[in-house]
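The structure under discussion appears below in the form of structure tokens.
Residue numbers (full-length UniProt numbering): 1 to 608.
The following block contains the structure:
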């Protein structure tokens with residue numbers, strides 16, 4: 001073996017470039033983040049040949065002093081941190097001090113900058129690690145960085161670049177995510193001399209929502225909820241898509257921690273659980289969310305590209321995200337989001353969950369001036385299956401499944417959100433007329449959600465029955481999972497699962513929830529403890545019980561093929577308006593569809 005020797009600086013920088021600079025979009029990311037840290041309010045990005053020939057980023061930030069230009073492209077030189085204490089309180093986008101050195105080692109590099117308050121700008125050029133002396137140049141306040149012929153001196157890396165269109169698409173997607181992160185900054189993007197994107201600075205929520213709509217689609221604003229909630233030293237704000245705005249891929253998910261776009265397992269798990277029983281199988285929610293917390297509570301120094309973070313209070317963050325999103329989605333009810341043509345974005349612009357055209361409350365129902373509204377039928381769980389449910393739920397199914405309480409009366413002549421039933425189609429769908437036009441309701445899916453929510457409420461309001469195992473079951477688990485069983489024993493006991501640690505990597509199960517009789521106890525225990533060990537919390541028990549309640553609700557709901565009377569149809573509509581998450585059934589399918597008059601007129605070419 002050869003002797004150990006120090007590596008030359010240019011080779012060190014090229015090794016670092018292998019970690020930080022993956023493709024042209026990686027260069028754009030580092031340069032734009034530097035501009036943001038410099039306080040820029042306007043950033044222009046010019047690209048040629050997808051970034052392979054030229055990447056130029058101009059900003060109007062604070063600029064760099066002439067004496068510091070050479071340090072700007074030196075390894076591990078930065079103005080953003082100066083001590084270990086600074087590293088634990090990082091609030092800037094960059095802090096490593098290696099990006100410019102890495103870029104300049106694999107491209108022809110130039111930087112021109114004029115410090116705020118100075119009359120003269122200066123420029124330096126770097127080629128293959130060889131730096132020229134700084135010289136005067138003409139430049140307005142701010143900084144311009146030019147990166148030409150990326151990877152020209154690393155042919156092995158250059159041949160891995162994709163087609164021009166593909167590389168530019170990555171840059172375009174990156175600028176979109178940065179535009180969502182900083183509403184007060186104007187972004188401009190051009191490709192081969194042609195302007196592609198212009199995002200003006202967003203001065204208010206409406207302007208910011210226009211920027212969100214450009215990135216996530218024009219239909220997202222009216223299919224989203226405005227989130228703004230603070231608790232436990234954290235604040236979550238932004239927009240979350242309704243289940244109807246879900247997508248087949250997770251390509252419309254933007255989550256920012258203190259202004260930094262991140263991909264994090266804790267966040268992904270919390271969001272997935274919040275949407276657990278309102279999304280159709282295989283669909284993914286769309287959202288733009290901003291989490292703000294003390295920088296000391298998040299470690300950003302865990303990935304070379306700074307795309308991952310580590311929360312110091314992982315469980316607290318997980319529970320905060322889950323509860324905030326879960327409660328926001330729970331407030332959605334059928335009939336809420338029926339935007340008019342002049343107020344299409346009002347739901348997403350509201351400071352809280354979107355307001356209804358009439359007053360609704362959990363457990364409430366509509367009472368208007370129609371005669372049958374005073375004699376509404378009770379469409380809860382039908383009587384036939386209650387005896388079977390009572391064996392599992394005790395008195396929950398009979399005592400807790402109660403008809404909804406009436407809501408405050410509306411103004412005379414005002415129609416409820418889902419309107420009034422006018423017919424039943426093929427004994428499957430209810431047709432109703434409301435202020436916006438025609439409403440179609442899948443009566444089984446709607447009633448299934450109503451019954452399911454009542455069963456869940458009944459379970460929460462009563463003590464869960466648990467069953468003692470005749471012979472305690474020993475389950476082999478990992479040491480980390482055994483420790484989780486010991487730490488979270490009290491919380492598990494509240495759900496009817498009694499565990500005790502019997503060794504370094506084993507637990508004993510003594511009691512299980514009665515609802516889960518017949519389940520694979522060993523597999524259930526491992527799943528619960530696996531989640532506890534990884535995320536600090538688990539909803540496996542609750543999700544399994546919800547799955548059983550969902551099945552019970554499905555069998556206990558009004559079936560397709562049953563002829564309903566007009567009062568029964570209207571009673572179902574009122575129950576939908578008063579039930580949480582009633583826009584989707586338990587399996588994520590939509591329960592109702594609104595067809596506005598404009599849409600109906602188009603079908604018959606009216607007004608043309």
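Positions of the beta carbon are idealized from the N, C-alpha and C atoms, including for glycine.
Source: prediction; values computed, not measured.
Identify every residue that forms a DSSP beta bridge with residue i.
i: residue 143; result: 59, 113
i: residue 506; result: 476, 503
i: residue 194; result: 191
i: residue 425; result: 429
i: residue 34; result: Partner(s): none; residue 34 has no beta bridge.
i: residue 121; result: 137
i: residue 152; result: According to DSSP, which records beta bridges pairwise, residue 152 is partnered with nothing at all.
i: residue 609; result: Not covered by the structure: residue 609. The range shown for the chain is 1 to 608.
i: residue 594; result: 439
i: residue 131; result: 126
i: residue 48; result: 54
i: residue 186; result: 42
i: residue 299; result: 310
i: residue 108; result: 127, 148
Under the rule that 16 or more other beta-carbon atoms within 10 Å means buried, what is residue i, buried or exposed?
i: residue 29; result: buried
i: residue 208; result: buried
i: residue 249; result: exposed
i: residue 417; result: buried
i: residue 5; result: exposed
i: residue 365; result: Only weak support exists for where residue 365 lies, its pLDDT of 30 falling under 50; the value from the coordinates is given anyway. Classification of residue 365: buried, given that the 10 Å Cβ count is 16 or more.
i: residue 468; result: exposed
i: residue 194; result: exposed
i: residue 480; result: exposed
i: residue 341; result: Only weak support exists for where residue 341 lies, its pLDDT of 39 falling under 50; the value from the coordinates is given anyway. By the 10 Å Cβ count, residue 341 comes out exposed.
i: residue 572; result: buried
i: residue 142; result: buried
In angstroms, rounded to a whole number, what distance separates the CA positions of residue i and residue j?
i: residue 602; j: residue 116; result: 58 angstroms
i: residue 176; j: residue 139; result: 27 angstroms
i: residue 574; j: residue 432; result: 12 angstroms
i: residue 600; j: residue 434; result: 14 angstroms
i: residue 451; j: residue 526; result: 31 angstroms
i: residue 483; j: residue 501; result: 8 angstroms
i: residue 589; j: residue 280; result: 6 angstroms
i: residue 511; j: residue 414; result: 53 angstroms
i: residue 446; j: residue 564; result: 14 angstroms
i: residue 224; j: residue 585; result: 18 angstroms
i: residue 273; j: residue 287; result: 14 angstroms
i: residue 230; j: residue 507; result: 38 angstroms
i: residue 219; j: residue 488; result: 43 angstroms
i: residue 620; j: residue 60; result: What the structure shows of the chain is the stretch from 1 to 608, and residue 620 is not part of that stretch, so it cannot be assessed.
i: residue 202; j: residue 252; result: 20 angstroms
i: residue 567; j: residue 423; result: 11 angstroms
i: residue 34; j: residue 93; result: 7 angstroms
i: residue 99; j: residue 454; result: 56 angstroms
i: residue 245; j: residue 188; result: 28 angstroms
i: residue 127; j: residue 107; result: 7 angstroms
i: residue 614; j: residue 227; result: As displayed, the chain neither begins before 1 nor continues past 608, which places residue 614 out of reach and without an answer.
i: residue 609; j: residue 583; result: Here the chain comprises residues numbered 1 to 608, so residue 609 is not present and cannot be evaluated.
i: residue 530; j: residue 52; result: 45 angstroms
i: residue 238; j: residue 198; result: 22 angstroms
Would residue i and residue j qualify as a contact pair, given that the criterion is a beta-carbon distance under 8 angstroms?
i: residue 311; j: residue 278; result: no
i: residue 334; j: residue 580; result: no
i: residue 57; j: residue 32; result: yes
i: residue 427; j: residue 562; result: yes
i: residue 10; j: residue 105; result: yes
i: residue 121; j: residue 133; result: no
i: residue 186; j: residue 50; result: no
i: residue 135; j: residue 63; result: no
i: residue 298; j: residue 271; result: no
i: residue 20; j: residue 102; result: yes
i: residue 609; j: residue 591; result: Here the chain has residues from 1 to 608 only, and residue 609 is not among them.
i: residue 241; j: residue 437; result: no
i: residue 54; j: residue 182; result: no
i: residue 232; j: residue 322; result: no
i: residue 593; j: residue 440; result: yes
i: residue 476; j: residue 505; result: yes
i: residue 110; j: residue 123; result: yes
i: residue 221; j: residue 215; result: no
i: residue 264; j: residue 300; result: no
i: residue 473; j: residue 528; result: no
i: residue 639; j: residue 284; result: Nothing in the structure corresponds to residue 639, since the chain is present only between 1 and 608.
Does residue i get closer than 8 angstroms to chain B when you measure Cβ to Cβ?
i: residue 590; result: Here chain B cannot be found, since the structure has a single protein chain.
Length-filtered (4 minimum) alpha helix (DSSP H) runs lying within the region 210 to 297: 265 to 274
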